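Trainee: Right, I'll just put the structure down here and ask away after.
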Amino acid sequence: MAALYGIPQVAAYSSSKTALIGLTRTLAVEYSGKGIRINAIAPGFIESQMSREIMKKDPAREQKILSRTPAGKFGDPADIGKAAAYLASDASSYVTGICLPVDGGNSIGF
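Under the working numbering, think of the first position of the sequence shown as 137, with each following residue one higher.
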């Protein structure tokens, strides 16, 4: 998410994530003509042991995240796997150079 909108106090992390989006686009331009599709996934806030520990220590942060996530919940790790399966499948044969947010709508900025 750090590549899709500003998050304070994580400049280096945000910069590296934003660079990956640029790399995805550049590689797509270079390789799509050879039948190679290049895409990325931007996971949103996903339920995990790490995220549970962080949110337990900072309930206000959890509420802030959930209040700006239209789906109203954290994602499941399987949500990322399903997105990857789609991007690897023939169903996405004309999709290249994108960064697919899997974030319950968090990045739409309402």
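Note that beta-carbon positions come from the ideal geometry of N, C-alpha and C, so glycine has one too. All values derive from a computational prediction rather than experimental measurement.
Mark D194 as exposed unless 16 or more other C-beta atoms lie within 10 angstroms of its C-beta, in which case mark it buried.
Mentor: Exposed.
Trainee: Identify whether I216 lies in helix, strand or coil by the three-state DSSP scheme.
Mentor: helix
Trainee: Would you mind working out which of G245, N242, I234, I174 sits nearest L163, comparing C-alpha positions?
Mentor: I174
Trainee: Do G240 and A207 have their C-beta atoms within less than 7 Å of each other?
Mentor: At a Cβ-Cβ threshold of 7 Å, G240 and A207 count as neighbours.
Trainee: Using CA atoms only, rank isn't needed, just tell me which of N242, I182, I234, I244 is closest to R161.
Mentor: I234
Trainee: Starting from the C-beta of K170, find all residues in its chain whose C-beta is less than 7 Å away, skip the five residues before and the five after it, and write them out in chain order.
Mentor: None.
Trainee: Per DSSP, which residues does P179 bridge with? Please list them.
Mentor: V238
Trainee: Would the segment 177 to 191 and the segment 207 to 223 be scored as touching if the rule is three or more Cβ pairs under 8 Å?
Mentor: yes
Trainee: For G211, name the three-state secondary structure that DSSP assigns.
Mentor: strand
Trainee: Just to check my reading of the structure: A176 and M137 have Cβ atoms closer than 8 Å, yes? What is that Cβ distance to the nearest angstrom?
Mentor: The Cβ separation is near 13 Å, so there is no contact.
Trainee: Please report how far the alpha carbon of G245 lies from the alpha carbon of I143, in whole angstroms.
Mentor: 13 Å
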